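In our numbering, the protein residues as written are 130 to 269.
This is the structure we're talking about:
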């Protein structure tokens, strides 16, 4: 993590979001590579999440740059927008976890290949970790 935020928890969670949204985007690729026979509907949804994670990361980076340029002095309306992005990012990860659970439950590619199941479960735990970190930082 960067150290531009001091004790400011919103700044800390944005820093975490930048990292984890990058990870989640990469994870969509990993799943598609490991499960080469994954059903087309799941492939499509993973591709949609990949793009969505990249967009969320991009917006997060823009907010981080704003904080750095302003030396942490941000207007309340900008802070509110950042909080809304954090809530959105948490919800986005929760929706991704639902998709991962659906893949494990319904995909023959996951059910017939233990490596796919292990990878998807690992990725799910990482997204759960991000949610936990974000919620913990915000509650401090």
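Quick reminder that beta carbons are idealized off the backbone N, C-alpha and C, glycines included. The model shown is predicted, which means the values in this text are computed figures rather than measured ones.
Beta carbon of residue i, beta carbon of residue j: below 8 Å?
{"i": "residue 142", "j": "residue 215", "result": "yes"}
{"i": "residue 195", "j": "residue 147", "result": "no"}
{"i": "residue 232", "j": "residue 145", "result": "no"}
{"i": "residue 171", "j": "residue 243", "result": "no"}
{"i": "residue 273", "j": "residue 186", "result": "In the structure as shown, the chain begins at 130 and stops at 269. Residue 273 is therefore absent and cannot be evaluated."}
{"i": "residue 212", "j": "residue 192", "result": "no"}
Ignore the nearest five residues each way along the sequence and tell me which others in residue i's own chain have a CB closer than 6 Å to its CB.
{"i": "residue 164", "result": "238 and 245"}
{"i": "residue 271", "result": "An answer regarding residue 271 cannot be provided, because it is not within the stretch 130 to 269 covered by the chain."}
{"i": "residue 149", "result": "259"}
{"i": "residue 133", "result": "Since pLDDT at residue 133 reaches only 46, below the 50 mark, its modelled position is unreliable, and no value is offered."}
{"i": "residue 130", "result": "Unreliable positioning characterises residue 130 in this predicted model, as indicated by a pLDDT of 43, which lies under 50. The coordinate reading is nonetheless provided below. Excluding sequence neighbours, residue 130 sits near 144."}
Counting only the same chain and skipping the five closest in sequence on each side, list residues whose C-beta sits under 8 Å from that of residue i.
{"i": "residue 264", "result": "219"}
Thinking just about the alpha-carbon of each residue, which of the options is nearest to the one in residue i?
{"i": "residue 223", "options": "206, 200, 183 and 178", "result": "178"}
{"i": "residue 249", "options": "173, 230, 182 and 174", "result": "230"}
{"i": "residue 180", "options": "202, 197 and 153", "result": "153"}
{"i": "residue 99", "options": "221, 208, 206 and 240", "result": "Beyond the ends of the chain as shown, which are 130 and 269, falls residue 99; an answer cannot be given."}
{"i": "residue 99", "options": "162, 208 and 168", "result": "Residue 99 lies beyond the residue range present for the chain, which begins at 130 and ends at 269; the question has no answer from this structure."}
Between which two residues does the alpha helix (DSSP H) holding residue i run?
{"i": "residue 167", "result": "From DSSP, residue 167 is part of no alpha helix (DSSP H); its letter is neither H nor E."}
{"i": "residue 261", "result": "243 to 268"}
{"i": "residue 226", "result": "205 to 235"}
Less than 7 Å between C-beta atoms, sequence neighbours within five positions excluded: which residues of the same chain meet that for residue i?
{"i": "residue 174", "result": "228"}
Round the Cβ separation of residue i and residue j to the nearest angstrom and send it over; I've been treating them as touching at under 8 Å.
{"i": "residue 256", "j": "residue 225", "result": "6 Å"}
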